[in-house]
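One structure is given here, and the rest of the page talks about it.
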């Protein structure tokens, strides 16, 4: 009887120990990182003349004497940025703005610093007058595209004005979820902020219509919208038309939340104009991605501006720092871009 009692007690202790170890393992189970980067690389042109676009400025015979050496330097710089943001974790997705051609993307992913990372890319030629487009780099083992398209922008009152398409892609991520991604480059503020605002509001309305169709099809979609919006989070195009809200609990699954809003309110930015930093580059997510019990999620504190020292130089006019550009005016200095990259960490 004594032997039986001790055995039973041991069995109970063993069972409790196994349960505790299982609970600890579950609680401490490491989440996997899914990093998303948005980067306006500023005038990433190849050296080949495209007769359908106004790219003469970036040709060997053009005003900037753009040549193979400068082109390869630009590639190397972009690759360095992407690798540096990733650190030990390769970014799963990289949205790019101001890329001229498929050749630029092919060379970027096959050579420079990205050669061994085996990125694939999605890209559509857009009707932009200068020939610059948006694109999406992706790691095939982290994002398996099931659909992608170019969303064309046709201004009803200004049919002669051509702008960048919005790139839309859906793919399966390691958690088994479908992730919907939009890469945007809204019309510039050329001619004045207020004078050009109508065009950005219109593009935002086109984007919102596509988002609404996703919400209609599935009331809990995982949506990421990124790019250079040429507007700040509180501006009408984003806060009213797109309805991208500041991230504040409780998060509603069919709302959009602008993860750069808190950063903007702190006076930080990805772009500097007349001495003032501003967050033209943003990442916006659907509320479903802000619920940490979901199989893939993020937190508002997981969104950042990548402010590495090598991306900055002294601002001799307004003091402080400014982005280290490829050109200052017409003077070539071999820098990176007039924008800093922004990124967000998702977890699964």
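Residue numbers (the numbering used here): 6 to 353. Using N, Cα and C, we set each Cβ at its ideal position, and we do this for glycine too. Remember, predicted model here, so these are calculated numbers, not experimental data.
Residue i bridges to which residues according to DSSP?
i	result
residue 332	337
residue 183	177
residue 43	100, 347
residue 326	319
residue 172	155, 188
residue 352	38, 302
residue 49	104
Say yes only if the C-beta of residue i is nearer than 7 Å to one or more non-hydrogen atoms of the ligand GDP, and no if none qualify.
i	result
residue 245	The ligand GDP is not part of this structure, which contains no ligands at all.
Assuming residue i and residue j are in contact, meaning their beta carbons sit under 8 Å apart, how far apart are those beta carbons, in whole angstroms?
i	j	result
residue 108	residue 188	The Cβ separation is near 19 Å, so there is no contact.
residue 40	residue 103	Not quite, the Cβ-Cβ distance comes to about 21 Å (not below 8 Å), so this is no contact.
residue 136	residue 60	5 Å
residue 354	residue 184	In this structure the chain extends from 6 to 353, so residue 354 is not present and cannot be described.
residue 353	residue 164	Their Cβ separation, rounded to whole angstroms, is 44 Å, which puts residue 353 and residue 164 out of contact at 8 Å.
residue 1	residue 209	Summary: the structure shown does not reach residue 1, with the chain confined to residues 6 through 353, and so no result is reported for it.
residue 43	residue 231	4 Å
residue 160	residue 204	6 Å
residue 140	residue 128	4 Å
residue 119	residue 84	5 Å
residue 275	residue 345	4 Å
residue 202	residue 241	7 Å
residue 126	residue 142	5 Å
Could you tell me if residue i is buried or exposed, where buried requires 16 or more neighbouring beta carbons within 10 angstroms of its beta carbon?
i	result
residue 47	buried
residue 303	buried
residue 144	buried
residue 290	buried
residue 51	buried
residue 322	exposed
residue 315	exposed
residue 105	buried
residue 338	exposed
residue 75	buried
residue 218	exposed
residue 262	buried
residue 222	exposed
residue 170	buried
residue 196	exposed
residue 325	exposed
residue 98	buried
residue 49	buried
residue 116	exposed
Can you list, in chain order, the residues of its chain whose CB lies under 6 Å from that of residue i, leaving out five sequence neighbours each side?
i	result
residue 330	340, 343
residue 256	292, 295
residue 277	327
residue 2	This structure gives no information on residue 2, because the portion of the chain shown stretches from 6 to 353.
residue 191	205, 208, 234, 235
residue 27	Here residue 27 scores only 47 on pLDDT, less than 50, and its place in the model is too uncertain to base an answer on.
residue 220	259
What residues in its chain sit with their C-beta under 7 Å from that of residue i, if we drop five residues either side in the sequence?
i	result
residue 265	238, 284, 287, 288, 308, 347
residue 293	225, 226, 227, 258, 299
residue 64	52, 54, 71
residue 112	80
residue 350	38, 40, 303, 307
residue 132	167
residue 333	none
residue 89	313
residue 91	40
residue 68	62, 335
Return no unless some Cβ of chain C is closer than 8 Å to the Cβ of residue i.
i	result
residue 277	The structure shown contains no chain C; it holds only a single protein chain.
Please work out which residues of its chain come closer than 8 Å, Cβ to Cβ, to residue i, disregarding the five sequence neighbours upstream and downstream, and give them in chain order.
i	result
residue 260	248, 250, 291, 292
residue 175	150, 151, 152, 153, 183, 184, 185, 186
residue 252	262, 263, 264, 266, 267, 295, 305
residue 273	282, 284, 310
residue 320	277, 280, 326, 327
residue 78	339
Taking the runs of the beta strand (DSSP E) that are 3 residues or longer, which of them lie wholly in the stretch 96 to 152? 98 to 104, 125 to 128, 138 to 143
Entirely within the stretch 271 to 316 and at least 4 residues each: give me those alpha helix (DSSP H) ranges in chain order. none
Just list the alpha helix (DSSP H) runs in the stretch 196 to 270, keeping only unbroken ones of 4 residues or longer that don't cross its boundaries, in chain order. 198 to 222, 266 to 270
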